[in-house]
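Chemist: Taken in sequence, the protein lines are chains A and B.
Every position in the first sequence, counted from 1, becomes a number in this note's numbering once 7 is added.
Every position in the second sequence, counted from 1, becomes a number in this note's numbering once 7 is added.
Each residue gets a CB set at the ideal place from its N, CA and C atoms; glycine is no exception.
First the structure, then my questions, so here it is.
There are 2 protein chains.
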Amino acid sequence: MQQDRPEESEAIVEPERFNQARAAQSMAILEDYVEMIGDLIGEFGEARITDIAQRMGVTHPTATKAVSRLKREGLAISRPYRGVFLTDEGAAMAELVRARHRTVVDLLVAIGVPAETAELDAEGMEHHVSDVTLKAFEAFLERATSVSDTIEEAPRKG
Amino acid sequence: MQQDRPEESEAIVEPERFNQARAAQSMAILEDYVEMIGDLIGEFGEARITDIAQRMGVTHPTATKAVSRLKREGLAISRPYRGVFLTDEGAAMAELVRARHRTVVDLLVAIGVPAETAELDAEGMEHHVSDVTLKAFEAFLERATSVSDTIEEAPRKG
DNA sequence: CCGCAAGTGAAGCCTTGGCAACACTTCTGT
DNA sequence: ACAGAAGTGTTGCCAAGGCTTCACTTGCGG
Ligand SMILES: [Mn+2]
Ligand SMILES: [Mn+2]
Ligand SMILES: [Mn+2]
Ligand SMILES: [Mn+2]
């Protein structure tokens, strides 16, 4: 039941998964803010600190600090008392993040998760979905859609 | 394309999903450490700070600090220069977390994600999988297993 | 045009989760 | 028995992401 210590052996690659999780997490807030700012610009033509804060469920100084980081990382720009806007890079990220978010929600729903729960859980999960996994999700959804098409349409064609 | 501000209207429930994601995240490290400590105890009969740190991919003071939090939250106990052990509560959490981890990995693999990628992505995703979603995952896996049984075995039975 | 409400900024505090550097204890091999 | 290696603890640093409080700008309604 109780084995010896590994000495000079294995278990060296193990921690890599935690590093990846930490890296993903450090991007999570960036991604959520960029997506949200994109949403607000789409709806209102600008993204104001108060609106960002309200939608993110934080106070306005917290939103301000997050936007500072976005600016520092070249994803957004803003001037005092004016709204926040995305750089090209920020806008591109927003697009990807939005698409990934949708795919994750769709996948969860396809698996059988209630829509409301899917929306809640996806908000956290999405940031840990790698490109490879995202592709697998898309492929699965493609397949699932075909199958239900087959079930719903094809039978009366044959 | 560009509508008016909501004034006194909707969009008030929106931020709840970010709150949930933040709450889940604040549990993530607790969960990973508790699971890891459980693993080490299972393998070696004790969990030492150095081993914990190594497997988590952090330095030992970081692991020490995390264990302090576990103790503060009643999940672990330890005495100076002795190993770290789980309380009943901690052990129970470790069990649940381990099971959830397995389920998430299994689901990803069932969806078509390569095993290695599944392992990496699951480490971050797992913490955002609610009970409802977990149940849906289990149900899906159950179904998927039956279906592949049917495909692989039943045809020659009929 | 002007005063007030709303929006924004700035400062300072807290907690968490990283790190390095250094001090101390335990263990182990000779 | 003991010296050196390994393990552990402590301290102090940093950045991030929350918060409150207070000060300043803006934008409006009258
Ligand atoms: Mn999110
Ligand atoms: Mn999202
Ligand atoms: Mn994890
Ligand atoms: Mn895990």
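Within 10 angstroms of its Cβ, does A:Glu-42 collect 16 or more other Cβ (buried), or is it exposed?
Modeler: Counting from one through the first sequence, the residue named residue 42 of chain A turns up at place 35. So A:Glu-42 counts as buried.
Chemist: Tell me whether B:Gly-81 is buried or exposed, calling it buried when 16 or more other Cβ atoms sit within 10 Å of its Cβ.
Modeler: In the second sequence, counting from the first residue as 1, residue 81 of chain B sits at position 74. Per the 10 Å Cβ criterion, exposed.
Chemist: Using C-beta distances below 8 Å, list every residue in its chain close to A:Leu-148, excluding the 5 sequence neighbours before and after it, in chain order.
Modeler: The residue labelled residue 148 of chain A in the question sits at position 141 within the first sequence. Hits under 8 Å: Thr-110, Asp-113, Leu-114, Ala-117.
Chemist: When you measure from the CB of B:Ala-30 to every non-hydrogen atom of ligand 1, does any distance come out below 8 Å?
Modeler: Start at 1 with the first residue of the second sequence, and residue 30 of chain B comes out as number 23. No, Cβ of B:Ala-30 sits at least 8 Å from all heavy atoms of ligand 1.
Chemist: Skipping 5 residues on each side, what residues in its chain have a beta carbon closer than 7 Å to that of B:Asp-58?
Modeler: In the second sequence, counting from the first residue as 1, residue 58 of chain B sits at position 51. Excluding residues up to 5 positions away in sequence, Leu-47 lie with their Cβ nearer than 7 Å to the Cβ of B:Asp-58 in the same chain.
Chemist: Around the Cβ of B:Val-154, are there at least 16 other Cβ atoms within 10 angstroms (buried) or fewer (exposed)?
Modeler: By 1-based counting over the second sequence, the position of residue 154 of chain B is 147. It counts as exposed.
Chemist: Can you give, in chain order, each stretch of the beta strand (DSSP E) that sits fully within the region 89 to 122 of chain B and has at least 3 residues?
Modeler: Every beta strand (DSSP E) stretch that sits fully inside the region 89 to 122 of chain B and reaches 3 residues is listed by chain position as 91 to 93.
Chemist: Quick one: using the 10 Å Cβ neighbour count with 16 as the cut-off for buried, is B:Ala-106 buried or exposed?
Modeler: Working through the second sequence from its first residue, we reach residue 106 of chain B at position 99. With fewer than 16 other Cβ atoms within 10 Å, it is exposed.
Chemist: What three-state label does DSSP hand A:Ser-153 in the structure shown?
Modeler: As a position in the first sequence, residue 153 of chain A is number 146, starting the count at 1. Note: A:Ser-153 maps to helix in three-state DSSP.
Chemist: Could you give the DSSP three-state label for B:Ser-3: helix, strand or coil?
Modeler: Because chain B spans 8 through 165 in this model, residue 3 of chain B falls outside it and cannot be assessed.
Chemist: Would you mind sorting B:Ala-54 into buried or exposed? The rule is 16 or more other CB atoms within 10 Å of its CB.
Modeler: Sequence index remark: in the second sequence, residue 54 of chain B carries index 47 (1-based). The residue is buried, with at least 16 neighbouring Cβ atoms inside 10 Å.
Chemist: Whole angstroms are fine: how far does the CA of B:Ser-137 sit from the CA of A:Thr-124?
Modeler: Within the first sequence, the letter at position 117 stands for residue 124 of chain A. Within the second sequence, the letter at position 130 stands for residue 137 of chain B. Rounded to the nearest angstrom, the two C-alpha atoms are 8 Å apart.
Chemist: With which residues is A:Ala-54 paired in a DSSP beta bridge?
Modeler: The sequence position of residue 54 of chain A within the first sequence is 47, counting from 1. For A:Ala-54, which the question treats as bridged, DSSP gives the partners A:Val-91.
Chemist: Excluding sequence positions up to five away, which residues of its chain have a Cβ less than 7 Å from the Cβ of B:His-60?
Modeler: By one-based count along the second sequence, residue 60 of chain B stands at place 53. For the sequence presented, residue 60 of chain B should be read as Ala rather than His. Once the five neighbours on either side are set aside, the close Cβ partners of B:Ala-60 are Thr-66, His-67, Thr-69, Ala-70.
Chemist: Could you check whether the Cβ of A:Asp-39 sits closer than 8 Å to any heavy atom belonging to ligand 2?
Modeler: Locating residue 39 of chain A in the first sequence gives position 32, where the first residue counts as 1. For ligand 2, a non-hydrogen atom lies closer than 8 Å to the CB of A:Asp-39.
Chemist: Can you tell me whether B:Glu-96 is buried or exposed? The criterion is at least 16 other CB atoms within 10 Å of its CB, across all chains shown.
Modeler: Indexing the second sequence from 1 puts residue 96 of chain B at position 89. Around the beta carbon of B:Glu-96, fewer than 16 other beta carbons sit within 10 angstroms, so the residue counts as exposed.
Chemist: A:Val-74 versus chain B: which residues are under 9 Å apart at the beta carbon?
Modeler: By one-based count along the first sequence, residue 74 of chain A stands at place 67. Per Cβ cutoff of 9 Å: no residues; A:Val-74 is ~16 Å from chain B at best.
Chemist: Can you pull the chain B neighbours of A:Thr-124, defined as C-beta to C-beta under 7 Å?
Modeler: As a working note, residue 124 of chain A is residue 117 in the first sequence. Ser-137, Val-139, Thr-140, listed in chain order.
Chemist: Taking the beta carbon of A:Thr-140 as the centre, do at least 16 other beta carbons fall within 10 Å, making it buried, or is it exposed?
Modeler: Taking the first residue of the first sequence as 1, we reach residue 140 of chain A at position 133. Classification for A:Thr-140: buried.
Chemist: Tell me whether A:Thr-66 sits in a helix, a strand or coil according to DSSP, three-state version.
Modeler: The count along the first sequence starts at 1 and reaches residue 66 of chain A at position 59. Of the three classes helix, strand and coil, the one that applies to A:Thr-66 here is coil, per DSSP.
Chemist: How would you list, in chain order, the residues of chain A whose beta-carbon sits under 9 Å from the beta-carbon of B:Gly-64?
Modeler: For the purposes of this step, residue 64 of chain B is taken as residue 57 along the second sequence, with counting starting at 1. Within chain A, the residues near B:Gly-64 are Glu-21, Pro-22, Glu-23, Arg-24, Phe-25, Asn-26, Arg-29.
Chemist: Just confirm the distance between the C-beta atoms of B:Ile-36 and B:Ala-83, as a whole number of angstroms; I'd bet it's less than 8 Å.
Modeler: As a first step, residue 36 of chain B is located in the second sequence; it is residue number 29 there, counting from the start. As a first step, residue 83 of chain B is located in the second sequence; it is residue number 76 there, counting from the start. Contact flag wrong, Cβ pair sits at about 13 Å.
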